[in-house]
Amino acid sequence: MSVTLPGTTSSSQTSTMLDFADGFIRRHIGPSASEMVVMLDELGFDSLDSFTDATVPAEIRLDHDLDIPAPRGEREFLIALKTIASKNKVYRSCIGMGYTGTVTPPVILRNVLENPGWYTQYTPYQAEIAQGRLEALLNFQTMIADLTGLPLAGASLLDEATAAAEAMGMCASIANHKKTGFYAADDCHPQTLALLKTRATGLGIDLKVGPIEDIDFAHGEGGLCGVLVQYPTTDGQIVDYRDLAKQAADSKCLLVAAADLLALTVLTPPGEWGADICIGSAQRFGVPMGLGGPHAAFISTHDKFARKLPGRLIGVSKDSHGDRALRMAIQTREQHIRRDKATSNICTAQALLAIISSFYAVYHGPDGLKQIATRTQAFTGALALGLEKLGHKILGNGTIFDTIRIELGKGRRHAARQVADAARERQINLREYADGTLGVTLDETTDRALVADLLAAFNFGHYTGFDVDALLAEFDQAGRLALGVHQRTSEYLTHPVFHQHRSETQLLRYIFKLMGRDLSLAHSMIALGSCTMKLNATSEMIPVTWTEFADIHPFAPDTQWRGYTHLFRELEQWLCEVTGFAAVSLQPNAGAQGEYAGLLVIRAYHEHMAKKAGVENRRHVCLIPTSAHGTNPASAVMAGMKVIPVACNDRGDVDMDDLKAKAETHADDLSALMITYPSTHGVFESTIREVCDIIHRHGGQVYMDGANMNAQVGLTSPGNCGADVCHLNLHKTFCIPHGGGGPGMGPIAVASQLAPFLPEHPVERPDTAGEFAIGPVSAAPYGSPSILTISYVYIAMMGAAGLKQATQVAILNANYMAKRLSDHYDILYTDANGRVAHEFIVDCRAFEKSADVKIEDIAKRLMDYGFHGPTMSWPVPGTLMIEPTESESKDELDRFCDAMIAIRKEIAAIEAGEMDRQDNPLKNSPHTMGEVGSDNWSHPYTREQAAWPMKWLRDAKFWPTVGRIDNTYGDRNLVCSCPPMENYGE
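Numbering of the sequence shown is given in our numbering, commencing with residue 606 and proceeding in unit increments.
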């Protein structure tokens, strides 16, 4: 059969793909033109377009090409992007507010942040092939637990303000929601207070913000469940909270401390003065500011609250050989299992950034971190002395770490603008308070020249002649480095890992040892359904670490980030075009946070419409199909909605009768429907427009989960299907790396009626917030801006035609694999013509009865073939969901299919009695090098069959470093920090 590919006119041109001047599209799309010919022929089609026409329902197909510029070549576009980046002005930042300058050690910058061996892994659900990343995250948890003085730390949250909101929800949960009050000190960071206000509404929490001395433990129904303080405060005050901690404990109220991680190397840790929960940001541990992200937030608490802790938790367990092994602990509390009863909707963490921060601590060790802290404190003190000599007043109690607030001297109190302008002339940003005082925060990057320039600025532009070294000596001699009652006396980072890697050679080898224990896209395809593990092209990644994008404070004047503004506006325009919607917010910095933001927008819309009608808003019901992502119901609950499940039929589609009945029942209180398209079962449902119409007829809005956008771009769109809002997983469809479980981005796109309700940010533009806008959902106005460059470059270099072809090939790859595997496995759901969308589900449920083989056995056995297992038991228990993406070549698709077929033959051998039902390659997988190389091989099958079941494994073999992990043992013996051990890291 002859096949015509896009951009060609006849079968004689089948060897040619799209005629682009640059080959980026050909490199992004895995199958070659000749491979596509074979695949299409196998499926019975003579062109990619005819295949698409037969697969994607005609009624939802776009009737036009995307209005996105023609594709740009890699070199050409990176040069153009440099010009855009040059519009950003990189000033020395003294703004503070939880964001500071830092130095990423080059060995970590090059070998972790810029290394696909670290940034292309998926979340470590398959722990046996994620031991390196899990160890780095365990180091992170140990670092946080040690510095905060609380024994149990999580593996990172999204940002500090989100972590504070999660802690607030945690306090309410621990109180069994019998206490509705929460008190936040007004000297916390303003972005944190703003986000708390957003989150409190949906959670039904009665939030009070005020001076800590005005606290009323009886506030709210049942009293306060928690109190939040900043340590040090946002303006640098170091407060003794011991009495407050005792008062809180006496009132059965939890005390939450938002702490500065570097300060905790010299300050008494919160756990020692009575805090129950500690949160904050690890940004200043080696992660660039990036206009706000991505940065790893942290949370720590007491062991007894382990099952209330939001996010991921790495724990120590043992494997099938009795050896130490790591995995994610007590996952039963997570959103993908507990759904609307989950502790949080958190899905994406900030694993890559937490790993960088943990390596930063390994690099510096406790002595190095303390030296950075003491140096920063000394420079701040010297600056304070100089300012006092100039006649200015340093507010507070005289105890200084890195931040001071300055009241200008007599006769000069109205000159704050003049001082700030003088600082900006020296390319320095200060924090400007509404009352005319000024703030300065120093950091690891501070030097004598900065201190001298700051003194000149506060001398109204004239250099003072002060000797900075003399000021440093005077501050030291006065004993002001001593912190008195606040001085830390306890040790921290005592584990050998924080002492053994002092030289770059040692650290480099440690980094690569851990990297070698993790399977990533650098090794093989990761065919996780719904997760879209596509190519993260090097050209897309390069701009992330350009200083023009990396070293800008999120609250710097917008005149200093015009390049970012250009990028934001163009990216928003492109995403509107892709989704068919009117407006976009780039603020949500994770997919689940995008879900939450989208539902808040719908809620605000209904409240506005009810107010216009002069009635109370009753629309709080959210209909969610039973097949939906676990984050969907958790997000709806966080947004203050009541979740009503909608059944699915035997084909996996939404049960239309059940949908109609429930929409009718809840006609007066229906807020939204959350739906994924193509369906969570991997099929283009032909009823999607009817689904949307039903919801609209009953007054609701349709939220479309963007997880499966990789099957829509250029062919259809959420707007064209009839939806009203969707989030976009930029770490899926738009090529931001998963980073081992984060970063991610989840911007939301909305129809015109919802545009006025998109989130604003009161810190960025306090006077211009929209009348109807919801509050912020992220700490920074644009979430994690530095990684938005990745999606921007991807779209620009693909262009409209390339994006469309990527979608077509993603669907082609999935259908080709489904066809190959259909002779060996049952494909659970297809459309009426037997086709799937960009992913498909393999039914393995019968094997448990026929061969005692469970779905986990197949996933673990795939590790012996060098592959990460597909998505297990979701959305249907006992199944595998496979998504190849467009980035994988036919050779790689065939290699995976060959592995799956070989495993099916192994199952058949068990079924036939040719292999033992318990002692077989599936039950004993994965097989480690240590086991295969041991003198004690007792299995009835050969080492060859265990470790090299396919010939190509002799050429390239990825070895799991541990055997199958005992999750139950780890949960029953919970250890979530580095345990004492000999020769660690050797």
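Even for Gly, the Cβ is constructed at its ideal location relative to N, Cα and C.
(1) Does the region 705-724 come within contact of the region 1537-1557, defined as at least 3 CB pairs closer than 8 Å?
(2) Does Gly815 come out as helix, strand or coil in the three-state DSSP assignment?
(3) For Arg565, is the classification buried or exposed, using 16 other Cβ atoms within 10 angstroms of its Cβ as the cut-off for buried?
(4) Tell me, which residues are paired with His571 by DSSP?
(5) Any idea if Glu1617 is buried or exposed, counting beta-carbon neighbours within 10 angstroms, 16 or more meaning buried?
(6) Can you have a look at Ile1341 and say buried or exposed, based on whether 16 or more other CB atoms are within 10 angstroms of its CB?
(7) By Cβ distance below 8 Å, which residues in the same chain neighbour Arg1559 in space, the five residues on each side in sequence not counted?
(8) Please return the same chain residues whose Cβ sits closer than 6 Å to the Cβ of Ala805, not counting the five positions on each side in sequence.
(9) What beta strand (DSSP E) runs, 3 residues minimum, are completely inside the region 1005-1078?
(10) Tell me where the alpha helix (DSSP H) around Tyr552 begins and ends.
(11) Going by beta carbon distance, what residues of the same chain come within less than 8 Å of Lys975, once the five residues before and after it are set aside?
(12) Taking the CB atoms as reference points, tell me whether Gln1317 and Asp654 lie closer together than 9 Å.
(13) Alpha carbon to alpha carbon, how far is Thr1394 from Ile1011? Give it in angstroms, no decimals.
(14) What would DSSP say about Trp1166, mapped onto helix, strand or coil?
(15) From the DSSP secondary-structure annotation, give me the bridge partner or partners of Asn693.
(16) Could you give the DSSP three-state label for Asp1260: helix, strand or coil?
(17) Just curious, the alpha helix (DSSP H) that Thr797 is in, first and last residue?
(18) Over what stretch of residues does the beta strand (DSSP E) that includes Phe1362 continue unbroken?
(19) Answer yes or no: do Lys1139 and Lys1409 have a C-beta to C-beta separation smaller than 9 Å?
(20) Which two residues bound the contiguous beta strand (DSSP E) that contains Ala934?
(21) By DSSP, does Lys1495 sit in helix, in strand, or in coil?
(22) With which residues is Asp1123 paired in a DSSP beta bridge?
(23) Taking all protein chains shown into account, decide if Thr1321 is buried (16 or more other Cβ within 10 angstroms of its Cβ) or exposed.
(24) In angstroms with no decimal places, state the Cα-to-Cα distance between Ser698 and Arg1031.
(25) Under DSSP, the beta strand (DSSP E) around His1332 begins and ends at which residues?
(26) Could you compute how far the alpha carbon of Asn1420 sits from the alpha carbon of Ala880?
(27) Could you tell me the distance, in whole angstroms, from the CA atom of Lys909 to the CA atom of Ala1021?
(28) Cutting at 6 Å between CB atoms, please list the residues of its own chain near Ala626, excluding the five before and the five after it.
(29) Can you give me the start and stop residues for the beta strand (DSSP E) that Pro975 sits inside?
(30) Give a yes or no on whether the C-beta atoms belonging to Gly1575 and Lys923 are separated by under 9 Å.
(31) So if DSSP puts His1473 in a beta bridge, which residue, or which two residues, is it bridged to?
(32) Go ahead and pull the three-state DSSP assignment for Ala626.
(33) If we ignore side chains and look at the alpha-carbon of each, how far apart do Leu1333 and His997 end up?
(34) Which residue from Phe1080, Ser1455, Leu1035 and Leu1119 puts its Cα closest to that of Thr985?
(35) Quick one: what does DSSP say Thr614 is sitting in, helix, strand or coil?
To lay it out plainly:
(1) no
(2) Numbered from its first residue, the sequence shown carries residue 815 at position 210. The answer is strand: DSSP assigns Gly815 an E or B state.
(3) Nothing about residue 565 can be read from this structure; the chain reaches only from 606 to 1591.
(4) Residue numbering for the chain in the displayed model covers 606 to 1591; residue 571 lies beyond these limits and cannot be assessed.
(5) The first residue shown for the chain is 606 and the last is 1591, placing residue 1617 beyond what the model contains.
(6) Position 736 of the sequence shown holds residue 1341. Burial call: buried.
(7) Here residue 1559 refers to the residue found at position 954 of the sequence shown. These residues qualify, in order along the chain: Trp1553.
(8) In the sequence shown, counting from the first residue as 1, residue 805 sits at position 200. Cβ neighbours of Ala805 beyond the five flanking positions: Leu812.
(9) 1008-1012 and 1043-1046
(10) Given a span of 606 to 1591 for the chain in the structure shown, any question on residue 552 remains unanswerable.
(11) Translated into the one-based positions of the sequence shown, residue 975 becomes position 370. Excluding residues within five positions, the ones whose Cβ falls inside 8 Å are Thr870 and Val871.
(12) The residue given as residue 1317 occupies position 712 in the sequence shown. The residue given as residue 654 occupies position 49 in the sequence shown. No, these two residues do not count as a Cβ contact at 9 Å.
(13) Indexing the sequence shown from 1 puts residue 1011 at position 406. Indexing the sequence shown from 1 puts residue 1394 at position 789. So the alpha carbons of these two residues sit roughly 37 Å apart.
(14) Working through the sequence shown from its first residue, we reach residue 1166 at position 561. Note: Trp1166 maps to strand in three-state DSSP.
(15) Within the sequence shown, numbered from 1, the residue matching residue 693 stands at position 88. In DSSP, Asn693 forms a bridge with Trp1166.
(16) Here residue 1260 corresponds to residue number 655 of the sequence shown, with the count starting at 1. Note: Asp1260 maps to coil in three-state DSSP.
(17) Residue 797 sits at position 192 when you count from the first residue of the sequence shown. Element bounds for Thr797: Pro795 to Leu808.
(18) For the purposes of this step, residue 1362 is identified with residue 757 of the sequence shown, where counting begins at 1. Note, Phe1362: premise wrong, no beta strand (DSSP E); not H, not E.
(19) Taking the sequence shown and counting its residues from 1, one reaches residue 1139 at position 534. Taking the sequence shown and counting its residues from 1, one reaches residue 1409 at position 804. No, the Cβ-Cβ distance between Lys1139 and Lys1409 is not below 9 Å.
(20) As a working mapping, residue 934 is identified with position 329 in the sequence shown. Neither: Ala934 is in no beta strand (DSSP E) and is coded neither H nor E.
(21) Locating residue 1495 in the sequence shown gives position 890, counting from the first residue. In this structure, Lys1495 counts as helix in the three-state DSSP scheme.
(22) Along the sequence shown, read from residue 1 onward, the residue named residue 1123 stands at position 518. In the DSSP output, where bridge partners are listed per residue, Asp1123 has Ala735.
(23) Taking the first residue of the sequence shown as position 1, residue 1321 is located at position 716. Counting Cβ neighbours within 10 Å, Thr1321 comes out buried, since at least 16 surround it.
(24) Mapped onto the sequence shown, residue 698 falls at position 93. Mapped onto the sequence shown, residue 1031 falls at position 426. Taking the straight line joining both Cα atoms gives about 11 Å.
(25) Taking the sequence shown and counting its residues from 1, the one referred to as residue 1332 is at position 727. His1332 -> beta strand (DSSP E) spans Val1330 to His1332.
(26) Here the question's residue 1420 lines up with position 815 in the sequence shown. Here the question's residue 880 lines up with position 275 in the sequence shown. Cα to Cα, the separation comes out at about 55 Å.
(27) What you label residue 909 is simply residue 304 of the sequence shown in a count that begins at 1. What you label residue 1021 is simply residue 416 of the sequence shown in a count that begins at 1. Approximately 49 Å, taken between the alpha carbons.
(28) Taking the first residue of the sequence shown as position 1, residue 626 is located at position 21. Here Ala626 scores only 42 on pLDDT, less than 50, and its place in the model is too uncertain to base an answer on.
(29) In the sequence shown, counting from the first residue as 1, residue 975 sits at position 370. A small correction: the amino acid at residue 975 is Lys; Pro does not occupy that position in the sequence shown. That residue, Lys975, is in no beta strand (DSSP E); its alpha helix (DSSP H) goes Ala956 to Lys994.
(30) Reading the sequence shown from its first residue, position 970 is the one you call residue 1575. Reading the sequence shown from its first residue, position 318 is the one you call residue 923. The answer is yes: Cβ separation under 9 Å.
(31) For the purposes of this step, residue 1473 is identified with residue 868 of the sequence shown, where counting begins at 1. Partner(s): Ile1131.
(32) Indexing the sequence shown from 1 puts residue 626 at position 21. Here Ala626 scores only 42 on pLDDT, less than 50, and its place in the model is too uncertain to base an answer on.
(33) Numbered from its first residue, the sequence shown carries residue 1333 at position 728. Numbered from its first residue, the sequence shown carries residue 997 at position 392. Cα to Cα, Leu1333 sits roughly 50 Å from His997.
(34) As a working note, residue 985 is residue 380 in the sequence shown. Closest by alpha carbon: Phe1080.
(35) For this step, residue 614 is matched to residue 9 along the sequence shown. For Thr614, the predicted model reports a pLDDT of 36, less than 50, meaning its position is unreliable; a value from the coordinates is still stated below. Coil at Thr614, not helix or strand.
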